[in-house]
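A.B. asks:
Number of protein chains: 2
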Amino acid sequence: MSVKIGLVGTGTVGGGCIDIIQKHREDFKRHFGVDIELARVCSLDKGEAEAHGVGHLFTSDFHDIINDSDIDLVIELIGGTGVAHAIVTEALKAGKHVVTANKALMATAGEEIFRIADEAGVEIAFEASVGGGIPIIDPLKHSLISNEISSVLGIVNGTTNYMLTRMDEDGMAYDQVLAEAQAKGFAEADPTADVDGFDAAAKIAILASIAFNSRVVLDDVSTEGIRNVQPIDLKTARDMGYAVKLLAIGHRLPEGIDVRVHPTMIPKTHQMAHVNGVFNAIYVTGDAVGETMFFGEGAGAGPAASAVMGDVLEVARHITLGIKPIVGCTCTDKLPIVPMDNLETRYYIRLVVPDRTGVLACAAEVFAKHDVSLRSVVQEGTRERDAVNLIFITHTAREKNIRAVLADLAAMEDMLQVEPTVIRVED
Amino acid sequence: MSVKIGLVGTGTVGGGCIDIIQKHREDFKRHFGVDIELARVCSLDKGEAEAHGVGHLFTSDFHDIINDSDIDLVIELIGGTGVAHAIVTEALKAGKHVVTANKALMATAGEEIFRIADEAGVEIAFEASVGGGIPIIDPLKHSLISNEISSVLGIVNGTTNYMLTRMDEDGMAYDQVLAEAQAKGFAEADPTADVDGFDAAAKIAILASIAFNSRVVLDDVSTEGIRNVQPIDLKTARDMGYAVKLLAIGHRLPEGIDVRVHPTMIPKTHQMAHVNGVFNAIYVTGDAVGETMFFGEGAGAGPAASAVMGDVLEVARHITLGIKPIVGCTCTDKLPIVPMDNLETRYYIRLVVPDRTGVLACAAEVFAKHDVSLRSVVQEGTRERDAVNLIFITHTAREKNIRAVLADLAAMEDMLQVEPTVIRVED
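Chains as they are written, first to last, in my numbering: chain E, 239 to 665; chain A, 239 to 665.
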């Protein structure tokens with residue numbers, strides 16, 4: 239008996255899923271005794287369905303899938319928290335298993351979705367919501383569960399990692415590399431979700447929830463993006479023995495969960511420093527396993543469809559064998575979120591200031607006023623003749639004090655020419 | 239109701255498992271609703287059990303576990319294919335689930351073990367048999383199953399990777415670094431299984447079987463170790479832009495499965511080139527997911543126990559929920575093993591020959607005789623005054639012809655002073 243699939247969303251990833259089913263359906267039957275059948279596809283564009291040879295399964299109304307009692311499993315691939323929320327919750331309530339790639343939905347409504355799935359006795363799976371094709375949610379929910387996980391570090395946004403790699407390797411300016419990423423289709427016309435870190439923040443919220451057995455939502459994540467990063471920052475970091483990555487960070491601390499996204503210096507010798515271009519990686523540390531890393535392609539039709547269809551086959555196995563959901567929500571603990579203000583680390587801060595005598599001393603005084611001890615200050619020219627870069631490296635300092643420094647500097651008349659660049663160090 | 243565990247083997251990994259159960263039993267109950275109870279431990283050394291506070295559970299006769307109808311699951315950690323074979327098969331026949339870290343057993347008797355488990359309706363799990371704590375078998379059996387896997391490359395022996403790293407970074411000679419690895423406990427007194435590649439061969443047999451859905455056994459793997467590798471080889475490779483790793487290789491080719499273990503040059507830019515010291519990594523390429531890598535600690539009490547206990551918890555979940563085995567043997571295809579003779583690649587070959595005029599021309603002639611085209615030949619001094627290194631880099635050549643070259647050279651009187659070093663290139 240086949241497991242019948244309703245697919246909502248026939249864009250890049252949805253197309254990839256259709257391709258996999260068409261190419262490997264017989265393999266899946268032979269290898270795993272599971273027969274998956276695409277029963278219905280839904281999107282706003284019939285042409286996409288037709289292009290994959292499934293125009294005859296097309297509907298533009300997702301209720302045709304929800305209300306079809308033959309359909310066992312719904313794949314949601316339209317993204318966002320609007321219609322997607324309705325599709326996922328209605329499908330679950332209708333007793334259908336759901337597989338989704340929707341990070342924004344899981345990072346904001348995860349608790350509700352797990353509750354509805356639990357009440358309906360069906361499965362919700364979302365491997366593709368983090369790290370594209372990289373198996374990470376499944377290992378965290380299965381292979382690694384004998385561990386107390388102490389940290390999860392992720393390079394989970396391919397767009398910004400590509401941009402940082404290009405700036406580092408080729409010295410391209412931020413605007414130039416953003417334009418290139420947009421031209422190549424790596425970045426959206428509105429790049430906010432990527433470059434301001436919100437995409438990565440949703441992903442670390444999901445990973446931290448699973449790794450620490452405690453619900454973390456998007457709003458819990460302190461988030462800074464890469465808009466203020468320029469080649470000079472990457473070059474300076476390199477000279478110091480560091481690579482700069484937009485790192486999504488989750489730490490289990492005695493006082494709770496520390497969770498944040500920001501440009502971060504990591505030692506060149508660290509495995510994550512070699513994760514370049516559009517590749518993603520997630521670095522997990524546990525009390526038994528020690529250090530482990532999961533690396534792969536974080537986006538694109540193939541990788542994301544690989545993760546979606548891995549989930550689909552797993553659920554289909556359970557359906558075929560008549561097995562009820564095995565793993566539901568594992569957020570049984572209620573750990574507090576540690577305020578970012580409490581963070582203690584070293585900071586790289588670059589200011590663009592007027593090129594005049596005394597400006598360095600003046601800025602240094604602000605750091606001293608807030609008890610931030612400096613390890614070094616370097617003055618470097620900019621392309622503007624009347625402005626210079628002041629690059630400060632601090633000793634270990636408290637986030638709260640750094641924010642006070644930055645607020646004071648911003649309030650000073652005729653001081654900051656552009657927003658400061660702040661890069662935290664993760665050793 | 240608790241799931242009762244019988245543990246056979248209380249050495250390093252067994253001790254790690256006892257520690258995890260003692261430390262996290264309450265966490266497992268709270269997070270996953272699974273209560274695991276250590277009911278019996280078996281080994282030849284009661285002192286080990288006592289050292290972990292479980293002397294009261296000790297027996298020296300594994301039949302006390304097999305015959306105990308209260309025990310649901312047996313962990314086998316004694317290794318080898320003798321008594322371990324009896325323990326695993328008898329436990330399965332007695333209707334007990336089995337978790338093992340035994341690569342040699344799974345790589346030689348895997349088919350039989352799967353058949354017995356299937357007949358008895360119980361689970362056999364063996365994540366810890368490859369890559370220590372790295373989740374790799376589970377991802378291959380679950381997350382990645384929507385892919386046709388085209389290759390699996392593994393750095394799966396920490397001892398030899400440590401030795402190669404030390405030779406590369408510190409220029410230490412083979413004998414010196416082996417002695418150091420033995421002193422540090424990374425290498426056994428008899429290092430054969432590690433340095434001759436048999437440990438890695440068992441692991442790639444297991445990985446290839448799962449990845450390609452076709453049974454590969456230890457004897458199918460063409461295996462060469464690192465005994466003939468010296469710092470000069472690593473230095474030459476580095477100058478050419480390569481790192482040398484003992485790579486376990488499985489490729490799905492149109493004509494069958496190509497599976498082998500040997501010292502291998504991989505480009506410095508490849509992610510695997512940065513896997514150093516005792517770390518392991520497995521690099522998997524699939525038709526949808528593209529390239530993905532799993533990295534972590536390949537040995538030691540914690541990592542191996544993490545993998546064993548991950549399997550135990552997974553099986554315990556199923557026992558608790560009354561779920562029958564979900565995934566059994568997936569080797570449904572019968573793909574042939576491609577003979578190593580058919581391999582076509584580039585070769586690095588270093589000969590130690592007498593330092594006399596004409597020896598280079600004489601050796602080069604042997605290559606020409608067997609149609610092996612040379613890209614470069616370099617002559618370098620050795621520490622012996624009357625011997626020199628001849629380093630040949632070939633264009634793409636056929637393994638069969640290379641073997642003919644080496645046989646001819648070995649047969650020549652007064653030519654080879656030591657066994658040649660052969661390193662294949664994987665681009």
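Built from N, CA and C at the ideal position, the CB exists for glycine as well.
Could I get the ranges of all uninterrupted beta strand (DSSP E) runs contained in the stretch 573–642 of chain A, with 3 residues as the minimum, in chain order?
C.D. replies: Listed in chain order, they are 585–592, 612–619, 625–632.
A.B. asks: The beta strand (DSSP E) with V659 (chain A) in it runs from where to where?
C.D. replies: By 1-based counting over the second sequence, the position of residue 659 (chain A) is 421. Checking the displayed sequence, the identity of residue 659 (chain A) turns out to be Thr instead of Val. Per DSSP, T659 (chain A) belongs to the beta strand (DSSP E) from 659–663.
A.B. asks: Considering only C-alpha positions, which residue in the set E:M344, E:H294, E:G371 is nearest to G536 (chain E)?
C.D. replies: Start at 1 with the first residue of the first sequence, and residue 536 (chain E) comes out as number 298. Among E:M344, E:H294, E:G371, the Cα nearest to that of G536 (chain E) is on E:G371.
A.B. asks: Considering only DSSP beta bridges, list what I557 (chain E) is partnered with.
C.D. replies: By 1-based counting over the first sequence, the position of residue 557 (chain E) is 319. Beta-bridge pairing links I557 (chain E) to no other residue.
A.B. asks: Compute the beta-carbon to beta-carbon distance between G488 (chain A) and I442 (chain A), rounded to the nearest angstrom, for a pair I have assumed lies under 8 angstroms.
C.D. replies: Residue 488 (chain A) sits at position 250 when you count from the first residue of the second sequence. Residue 442 (chain A) sits at position 204 when you count from the first residue of the second sequence. With 8 angstroms as the limit, G488 (chain A) and I442 (chain A) qualify as a contact, their Cβ atoms being about 5 angstroms apart.
A.B. asks: Three-state secondary structure (DSSP) at M510 (chain E)?
C.D. replies: Within the first sequence, residue 510 (chain E) is the residue found at index 272, counting from 1. Reduced to three states, the DSSP call for M510 (chain E) is helix.
A.B. asks: Who are the near neighbours of C567 (chain E) in its chain, counting only those whose CB is closer than 6 angstroms to its CB and skipping five residues on each side?
C.D. replies: The residue you call residue 567 (chain E) lines up with position 329 of the first sequence. So the list reads F352, once near-sequence residues are dropped.
A.B. asks: Rounded to whole angstroms, what's the CA-CA distance from Y400 (chain E) to F517 (chain E)? Just pull it up for me.
C.D. replies: In the first sequence, residue 400 (chain E) corresponds to position 162, counting from 1. In the first sequence, residue 517 (chain E) corresponds to position 279, counting from 1. Each residue's Cα considered, the two are about 8 angstroms apart.
A.B. asks: Does any C-beta atom of chain E lie closer than 8 angstroms to the C-beta of R555 (chain A)?
C.D. replies: As a position in the second sequence, residue 555 (chain A) is number 317, starting the count at 1. Interface residue, yes.
A.B. asks: Hey, would you say A342 (chain A) sits closer than 8 angstroms to A440 (chain A), going by beta carbons?
C.D. replies: Numbered from 1 along the second sequence, position 104 holds the residue referred to as residue 342 (chain A). Numbered from 1 along the second sequence, position 202 holds the residue referred to as residue 440 (chain A). It is a contact, given that the beta carbons lie within the stated cut-off.
A.B. asks: Taking the Cβ atom as the reference point for each residue, do L644 (chain E) and V591 (chain E) lie within a distance shorter than 8 angstroms?
C.D. replies: On the first sequence, position 406 is the one that residue 644 (chain E) refers to. On the first sequence, position 353 is the one that residue 591 (chain E) refers to. Not closer than 8 angstroms, so no.
A.B. asks: Would D496 (chain A) be called buried (16 or more neighbouring beta carbons within 10 Å of its own) or exposed?
C.D. replies: Taking the second sequence and counting its residues from 1, the one referred to as residue 496 (chain A) is at position 258. Buried, by the Cβ-count rule.
A.B. asks: How close, in whole Å, do the beta carbons of V326 (chain E) and T338 (chain E) come, if the pair is a contact with beta carbons under 8 angstroms?
C.D. replies: The residue labelled residue 326 (chain E) in the question sits at position 88 within the first sequence. The residue labelled residue 338 (chain E) in the question sits at position 100 within the first sequence. Going by Cβ atoms, the distance from V326 (chain E) to T338 (chain E) rounds to 6 angstroms, so yes, they are a contact pair.
A.B. asks: Could you say if the stretch 416–423 of chain A and the stretch 472–482 of chain A meet the contact criterion of at least three C-beta pairs nearer than 8 angstroms?
C.D. replies: Because the criterion of three Cβ pairs below 8 angstroms is not met, the stretch 416–423 of chain A and the stretch 472–482 of chain A do not touch.
A.B. asks: Between E:P377, E:E361, E:V360, which lies nearest to V368 (chain E) when the distance is taken from Cα to Cα?
C.D. replies: Counted from its first residue, the first sequence places residue 368 (chain E) at position 130. Nearest option by C-alpha distance: E:P377.
A.B. asks: Tell me the rounded alpha-carbon separation between A602 (chain E) and V467 (chain E).
C.D. replies: Taking the first sequence and counting its residues from 1, one reaches residue 602 (chain E) at position 364. Taking the first sequence and counting its residues from 1, one reaches residue 467 (chain E) at position 229. Distance between the alpha carbons of A602 (chain E) and V467 (chain E) is about 21 angstroms.
A.B. asks: Just curious, the beta strand (DSSP E) that V279 (chain E) is in, first and last residue?
C.D. replies: One-based indexing of the first sequence puts residue 279 (chain E) at position 41. Here the beta strand (DSSP E) through V279 (chain E) covers 274–280.
A.B. asks: Pull up the CB-CB distance for G333 (chain E) and P563 (chain E), whole angstroms please, since I reckon it's below 8 angstroms.
C.D. replies: Residue numbering aside, residue 333 (chain E) sits at position 95 when the first sequence is read from its first letter. Residue numbering aside, residue 563 (chain E) sits at position 325 when the first sequence is read from its first letter. Not really, about 12 angstroms apart at Cβ, beyond 8 angstroms.
A.B. asks: According to DSSP, I243 (chain E) sits in a beta bridge with which residue or residues?
C.D. replies: In the first sequence, residue 243 (chain E) corresponds to position 5, counting from 1. According to DSSP, I243 (chain E) bridges with E:L276, E:L311.
A.B. asks: CB V550 (chain E) to CB I313 (chain E), shorter than 8 angstroms?
C.D. replies: Counting from 1 along the first sequence, the entry for residue 550 (chain E) is found at position 312. Counting from 1 along the first sequence, the entry for residue 313 (chain E) is found at position 75. Yes, the Cβ-Cβ distance between V550 (chain E) and I313 (chain E) is below 8 angstroms.
A.B. asks: If contact means a Cβ-Cβ distance below 7 angstroms, which residues of the stretch 368–383 of chain A contact chain E?
C.D. replies: Listed in sequence order: G371, I372, P373, D376, P377, H380, S381, L382, I383.
A.B. asks: Can you tell me the Cα-Cα spacing of E493 (chain E) and V576 (chain E), whole angstroms?
C.D. replies: Here residue 493 (chain E) refers to the residue found at position 255 of the first sequence. Here residue 576 (chain E) refers to the residue found at position 338 of the first sequence. So the alpha carbons of these two residues sit roughly 7 angstroms apart.
A.B. asks: In terms of alpha-carbon separation, which member of E:L391, E:A277, E:M547, E:L589 lies closest to P658 (chain E)?
C.D. replies: For the purposes of this step, residue 658 (chain E) is identified with residue 420 of the first sequence, where counting begins at 1. The option with the nearest alpha carbon to P658 (chain E) is E:L589.
A.B. asks: Leaving aside the five residues before and after V527 (chain A) along the sequence, list all residues of the same chain whose C-beta is less than 7 angstroms from its C-beta, in chain order.
C.D. replies: Position 289 of the second sequence, counted from the start, is the residue given in the question as residue 527 (chain A). Excluding residues within five positions, the ones whose Cβ falls inside 7 angstroms are L382, N385.
A.B. asks: Between which two residues does the alpha helix (DSSP H) containing P429 (chain E) stretch?
C.D. replies: Numbered from its first residue, the first sequence carries residue 429 (chain E) at position 191. Premise fails: P429 (chain E) is in no alpha helix (DSSP H) and is neither H nor E.
A.B. asks: Name the two residues that bound the continuous beta strand (DSSP E) containing F222 (chain E).
C.D. replies: Residue 222 (chain E) falls outside the range modelled here, since chain E spans only 239 to 665, and no answer is possible.
A.B. asks: Does the beta-carbon distance from H608 (chain A) to N639 (chain A) come in below 8 angstroms?
C.D. replies: As a position in the second sequence, residue 608 (chain A) is number 370, starting the count at 1. As a position in the second sequence, residue 639 (chain A) is number 401, starting the count at 1. In this structure, N639 (chain A) lies closer than 8 angstroms to H608 (chain A) by Cβ.
A.B. asks: Name the chain A residues that come within less than 9 angstroms of L445 (chain E), Cβ to Cβ?
C.D. replies: Counting from one through the first sequence, the residue named residue 445 (chain E) turns up at place 207. The contacting residues do not exist; L445 (chain E) stays about 15 angstroms from chain A at best.
A.B. asks: Do A438 (chain A) and A511 (chain A) have their beta-carbon atoms positioned less than 8 angstroms apart in this structure?
C.D. replies: As a first step, residue 511 (chain A) must be located in the second sequence, where it is residue number 273. As a first step, residue 438 (chain A) must be located in the second sequence, where it is residue number 200. No, the pair does not count as a contact, with Cβ atoms beyond the cut-off.
A.B. asks: Do you know whose CA, among A:T297, A:T430, A:I259, lies nearest G247 (chain A)'s CA?
C.D. replies: Residue mapping note: residue 247 (chain A) aligns to position 9 of the second sequence, counting from 1. Of the listed residues, the one whose Cα sits closest to G247 (chain A) is A:T297.
A.B. asks: Among A:V272, A:F533, A:Q617, which one has its Cα closest to the Cα of H508 (chain E)?
C.D. replies: If you number the first sequence from 1, residue 508 (chain E) lands on position 270. When each option's Cα is compared against that of H508 (chain E), the closest is A:F533.
A.B. asks: Express the C-alpha separation of A277 (chain A) and I243 (chain A) in angstroms, rounding to a whole number.
C.D. replies: Numbered from 1 along the second sequence, position 5 holds the residue referred to as residue 243 (chain A). Numbered from 1 along the second sequence, position 39 holds the residue referred to as residue 277 (chain A). The straight-line gap from Cα to Cα measures roughly 5 angstroms.
A.B. asks: Give me, in chain order, the residues of the same chain whose beta-carbon lies closer than 7 angstroms to that of G479 (chain A); leave out the 5 immediate sequence neighbours on both sides.
C.D. replies: Taking the second sequence and counting its residues from 1, the one referred to as residue 479 (chain A) is at position 241. Answer for G479 (chain A): P505, K506, listed in chain order.
A.B. asks: DSSP three-state call for H489 (chain E): helix, strand or coil?
C.D. replies: Translated into positions along the first sequence, residue 489 (chain E) becomes position 251. Three-state result, H489 (chain E): strand.
A.B. asks: Assign P373 (chain E) to one of three DSSP states: helix, strand, or coil.
C.D. replies: On the first sequence, residue 373 (chain E) is found 135 positions in, with the first residue counted as 1. Note: P373 (chain E) maps to coil in three-state DSSP.
A.B. asks: Would A366 (chain A) count as contacting chain E if we go by Cβ distances under 8 angstroms?
C.D. replies: Taking the first residue of the second sequence as position 1, residue 366 (chain A) is located at position 128. No, A366 (chain A) lies away from the interface with chain E (no Cβ there is under 8 angstroms from its Cβ).
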